[in-house]
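Counting from 737, one number per residue, gives the positions in the sequence shown under my numbering.
A short worksheet on the structure shown next.
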Amino acid sequence: MKAKTNLPILGVGPYYTLFSFLLTFLSIFYTENKSLIYYLPSLNIVCKLISFLFIIIAIVLWGSAIFFNHITSKIKQNKLVTDGVYGYVRHPIYSAFLFMNFSILLASANILLFPLLIIHWIILSLLLIYTEEKWLLQRFQNEYIIYSKCVNRCIPWFPSSK
Numbered sequence: 737m738k739a740k741t742n743l744p745i746l747g748v749g750p751y752y753t754l755f756s757f758l759l760t761f762l763s764i765f766y767t768e769n770k771s772l773i774y775y776l777p778s779l780n781i782v783c784k785l786i787s788f789l790f791i792i793i794a795i796v797l798w799g800s801a802i803f804f805n806h807i808t809s810k811i812k813q814n815k816l817v818t819d820g821v822y823g824y825v826r827h828p829i830y831s832a833f834l835f836m837n838f839s840i841l842l843a844s845a846n847i848l849l850f851p852l853l854i855i856h857w858i859i860l861s862l863l864l865i866y867t868e869e870k871w872l873l874q875r876f877q878n879e880y881i882i883y884s885k886c887v888n889r890c891i892p893w894f895p896s897s898k
């Protein structure tokens, strides 16, 4: 039997995406059904604008990883991608879904749901630490250690010096 040499194409992504969207939508549904809406009209326009910005960020992250970095083919080739969008965030596709959840929650303008923003980030961080980052470390070793010290895991930002 041939040993598995490539990292999984999808990883834990489908599970995270399904869970995070379910958590988001069920939370919104529950709070609206129970009349637990703490809506601040003064925050509405700000929340909608930030929500729109997060949708744009999500599209750019996802599109860049798929169409410009060609991540699927790079995974099949066992290459660690550190350029393009991966120079700003280690997991841009997961980050895209994180930003989509942020966008949905902010669009609700329900301040009771705002703690879910932090919960989503924590869940994603823990999931990545114990799955994909572990796999990447085993596969790429020191190269990944250096990369991970320079580039954020989930939140895009300018890389520190390499």
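Where a beta carbon is used, it is the ideal one built from N, C-alpha and C, also for glycine.
With respect to His856, Ser756 sits close: the two C-beta atoms are nearer than 8 Å.
Excluding five sequence positions before and after Ala845, the CB atoms of its chain that fall closer than 6 Å to its own CB belong to Tyr775, Leu779, Asn780 and Cys783, given in chain order.
Around the beta carbon of Tyr766, a 10 Å sphere encloses fewer than 16 other beta carbons of the protein chains shown; the residue is thus reported as exposed. In this structure, Val817 sits away from Ile829, with a CB-CB distance that is not shorter than 8 Å. Take Asn769, set aside five residues on each side of it, and no residue of its chain has a beta-carbon closer than 8 Å to its own. Burial state of Ser800 is buried, judged by a 10 Å Cβ sphere holding 16 or more other Cβ atoms. The Cβ atoms of Phe790 and Ser839 sit closer than 8 Å to each other.
Rounded to the nearest whole angstrom, the C-alpha separation of Ser831 and Cys890 is 5 Å.
The Cβ atoms of Tyr824 and Pro777 do not sit closer than 8 Å to each other. Comparing alpha-carbon positions, the option among Ser897, Trp871, Ala794 and Lys870 lying closest to Ile882 turns out to be Ser897. By the neighbour-count criterion, in which a residue is buried when 16 or more other Cβ atoms sit within 10 angstroms of its Cβ, Ser787 is buried.
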